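For the protein sequence lines, the chains are A, B and C, in the order given.
Quick note, the first sequence lines up with residues 68 to 480 if you use the numbering used here.
Quick note, the second sequence lines up with residues 4 to 170 if you use the numbering used here.
Quick note, the third sequence lines up with residues 42 to 198 if you use the numbering used here.
The beta carbon of each residue, even a glycine, is placed where N, CA and C say it ideally should be.
Since the model is a prediction, treat every value here as computed from it, not as a measurement.
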Amino acid sequence: MRNVAIIGCGQTKHSSRRRDVNLAELVEEAVTNALVDAEMTMDEVNALVVGNMQGFGGVAQPEQWLGDWIGAPGKPVIRIATGGTTGGSVGQGGYYAVASGLYDVALAVAWEKHSDSREPGATMGLAHVGIANMFHAFNYGLSLKSLAATAGVGAAAGVAVYQARYYMHRSGCSIEHLDMVAAKARRNAAKNKYAHLQWPDCTPEDIAKTELIAYPFRYGHICPASDGASAIVFAEEKIAVKKAKQPAWIKGLASFSDEENQLQSENYGGVGVLDPSEQMGCRMSAKKAYKMAGITDPKKEIDLAEIYQPFPSQELLFAEKLGLFDEGKAWIAMEKGETDINGTIPTDLSGGVNATNAIGSSALQRILECALQIMGKAGEHQAPKKIRNAVAHGWGGNTNYITVTVLGDSPRR
Amino acid sequence: MPYIKDKRPETMLLEGEWNVGAYKYKAPHLLEEFVQGLKEKKLIGSMCIGCGKVIIPPRNICGRCHQRMEGRITVSNWGTVVCFVTSPPVEKGKFQVFGIDPVESGLIQEGSVLIPTFVRFDGADANIVTELCNVDPKDVFIGMRVKAIWAEEPQGQLSDLVGVEPI
Amino acid sequence: MEKQSEIIRVTGLPVAAGYNWSAGSQMEGFIKALAKKKIMGAKCSKCGYTYVPPRSRCGKCNAKIEDKDLVEISGKGSLVGYTTARVELDGAGNFQDLKKPKMIGAIKLEGSDSTIFMPIEGIDPKKAKEGMKVKVQWREKAKGELADIVCFKPEKS
């Protein structure tokens, strides 16, 4: 396979209501920013990969609407929707388009416009993903009370609250550590001009003051529902070297689905048949992606991580599954500041999904942020040390699907 | 909260609706077996011929080793709490389920604390999500032994398993 | 026995997802102008292609179209294509016969390069022809909604 690099990144400002623009205009904003960053025109792009989370914006075939806005006419367009990991899959789709030799330059763009939905956080969009799996249960007399009990506790935090409880039980981490992660995300976001929940001097004590939703989650732990889009320009080696001073090379990637972690599977109203904090899919993806990238010891070789963490417990949990810390030890490292900007493995310097969650775009943003750090373009939240290898993670699907992408400052040899 | 505000003009809104409830879904026959078991106060699961794992309610294919799950096994009514979540005291008007306020309609008593729980019934390798009843939320812990609470007259429906309570 | 109200035994749920789509400034300008019985279009300043309804990015040359590029378009145009519907969906997945056939046409307005799809009235489907001149029929009291344009009618009548 050919070497592929990221040569341009574009984002929109994320906020709870981007009602100044419609969907097509929002996506176009990110695409334009990416092309400006890559110093390219749309004529030089050969193919497009687009996507958002199915059902969320209430537009059935958004690529048909916005294709004209992003210069797609006359070019192959593929739309990918893999739930919460959509952005990760869109990014990997962009890589495949170029790595396969089919196209020399591909543009990947992913977005979400939550405010177009009338329910807070587009919950009906989320529910419809589960309803098809769960619908039959109603025919077998599922008690409305038990459904109400699940909804009452899980509506805001869903499967993640159980996952957090599992993780905390297993690792010994406490709710105060979740406060610390959430506060870090909001502080980091304040340095990222595109992020949503920006709180410059947020302390764990500030987060601890917020209302408890369902133990162990507080209101201050939960990610926002954002409007926003992000776009990446992928190019093959010769073009990449010519166009960018320091391209961000894609060194390894993988995605796995772990059926046993599926939300509302054949279990009625169930939330994962087994332990939702096990995340076998993440371990398998990481193993495969590191192997492809030639990384043998991620603890030493990975310099930075962008983890998909809509809930603070997930930053800790997935850092372990990605092999960055020993099992059950990520919270200790976080407490010591090893995941801060000056730490050994700075994690989610952009604020991550905990501060900005335009679902379709969230996992693509992880790849984008890793690329910015490698290219040295992250601005205020640029890590001071030289970033050689970075890992971008995506979590979603029906809570069972994982994407892992390893980026580096030099091509794979 | 001192978040940085993002102020920008708003353009007009156009309304629309998507009737998600208008679809018809086919139910798997395996759940039929499960609810027939519930009628006799039995929890029926299926066993994987590849790894020997028992999943309740029964399913066709093992998600991990992709083998058929043909055998049927009745697991114990007793089990262990493997995970639980406690809600704050339920208030009126806080949330709705399909347009019904559970407090207002009398489904859930105002001020009660809900404890959705993952229960691993003895003999099963999968969890059932159900409600933990008749317990002080402060006393709940992972590893707590519980038993199933059955409806007085099981009808052969999922709600026959009302919840679990400490032994 | 459990109360009926506690159990759902239906194949359809009373759930619908509601949406409020942002119109964007160009489309907002279009909808607001309808209140004054005016049709607005957007003319690309680079390639000159004119869109009705207006939009902010040219699909032909990918240039940005600004708010100032909004131009007023006449309510007259010609029929580019048409079709006649004799059945409609009843909302439950079945067809039902229409009492009167409905005609839908693709109309190219004067001064515009794109076409709009609108109901056509006052033309016998058998006598309809591509290229026929049509004009807009406004709702009596225009409110600034998309429904202000009721249909298109032959220009002569």
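- When DSSP states are grouped into helix, strand and coil, A:N421 belongs to the helix group.
- Among the residues of chain C, those whose CB is under 8 angstroms from the CB of A:E92 are G65, S97, R98, following chain order.
- Per DSSP, the continuous alpha helix (DSSP H) segment holding A:T153 begins and ends at 153–166.
- Taking C-beta atoms as the reference points, A:P379 and A:A249 count as a pair closer than 8 angstroms.
- A:A257 reaches chain B at I7, counting residues in chain order whose Cβ is nearer than 7 angstroms.
- Across the segment 172–186 of chain A, CB contacts with chain C closer than 9 angstroms involve K180, S182, D183, S184, R185, E186, in sequence order along the chain.
- Annotation for A:Y233: the continuous alpha helix (DSSP H) segment containing it runs 226–238.
- One thing to note: A:R254 has its Cβ within 8 angstroms of the Cβ of A:C269.
- Per DSSP, the unbroken alpha helix (DSSP H) holding A:Q131 starts and ends at 129–133.
- Proximity of the segment 72–83 of chain A to the segment 95–106 of chain A meets the contact definition, three or more beta-carbon pairs being nearer than 8 angstroms.
- Distance between C:I190 and C:Y60, taken at the CA atoms: about 23 angstroms.
- DSSP places A:S352 in the helix class (H, G or I) of the three-state scheme.
- Under DSSP, A:D294 forms a beta bridge with A:S82, A:K180.
- Going by beta carbons, A:S82 and A:H263 fall inside the 8 angstroms limit.
- In its chain, beyond the 5 residues on either side, E243, D246, M247, A250 have a beta carbon closer than 7 angstroms to the beta carbon of A:P271.
- With a threshold of 16 other beta carbon atoms within 10 Å, A:G154 meets it and is buried.
- Exposed is the label assigned to C:P142, since fewer than 16 other Cβ atoms lie within 10 Å of its Cβ.
- A straight-line Cα-Cα distance of about 25 angstroms links C:K84 and C:E196.
- Contact between the segment 446–458 of chain A and the segment 304–314 of chain A is not established, with fewer than three Cβ pairs separated by less than 8 angstroms.
- Within chain B, the C-beta atoms nearer than 7 angstroms to that of C:E69 come from T14, M15, in chain order.
- Contact between A:T470 and A:S352 holds, since their C-beta atoms are separated by about 7 angstroms, short of 8 angstroms.
- Note on geometry: alpha-carbon atoms of C:I114 and C:W62 lie some 25 angstroms from one another.
- For A:V226, there are no neighbours in chain B by C-beta distance under 8 angstroms, as the nearest C-beta there is about 10 angstroms away.
- Boundaries of the beta strand (DSSP E) harbouring A:N456: 456–463, taken from the DSSP string.
- By alpha-carbon distance to A:L174, the top candidate from A:V116, A:W398, A:G168 is A:V116.
- Scanning its chain for C-beta atoms nearer than 7 angstroms, with the 5 sequence neighbours on each side dropped, one finds around A:G443 the residues Q313, Q449, in chain order.
- Taking a cut-off of 8 angstroms for Cβ pairs, the segment 159–173 of chain C and the segment 118–125 of chain C touch, as three or more such pairs fall below it.
- Within chain A, the residues V220, V228, Y229, R232, A281, Y282 have their CB atoms less than 7 angstroms from the CB of B:V88, given in chain order.
- Against chain C, the CB of B:V23 has a partner CB under 8 angstroms away; the residue lies at that interface.
- Counting C-beta pairs closer than 8 angstroms gives three or more between the segment 433–447 of chain A and the segment 401–417 of chain A, which meets the contact rule.
- A:A256 is positioned such that its CB atom lies closer than 8 angstroms to that of A:T423.
- Counting every other CB atom within 10 Å of its CB across the protein chains shown gives B:P61 a total of 16 or more, marking it as buried.
- Contact between A:S238 and A:W462 is absent: CB atoms are separated by about 18 angstroms, not below the 8 angstroms threshold.
- Looking at the backbone, the Cα of A:P478 and that of A:A72 are separated by about 8 angstroms.
- Apart from the 5 residues on each side of it in sequence, A:R350 sits with its Cβ closer than 7 angstroms to the Cβ of K388 in its chain, given in chain order.
- Within the same chain, and ignoring the five residues on either side of A:V157 in sequence, the residues whose Cβ sits closer than 6 angstroms to its Cβ are V116, G118, I147, A175, A177, L431.
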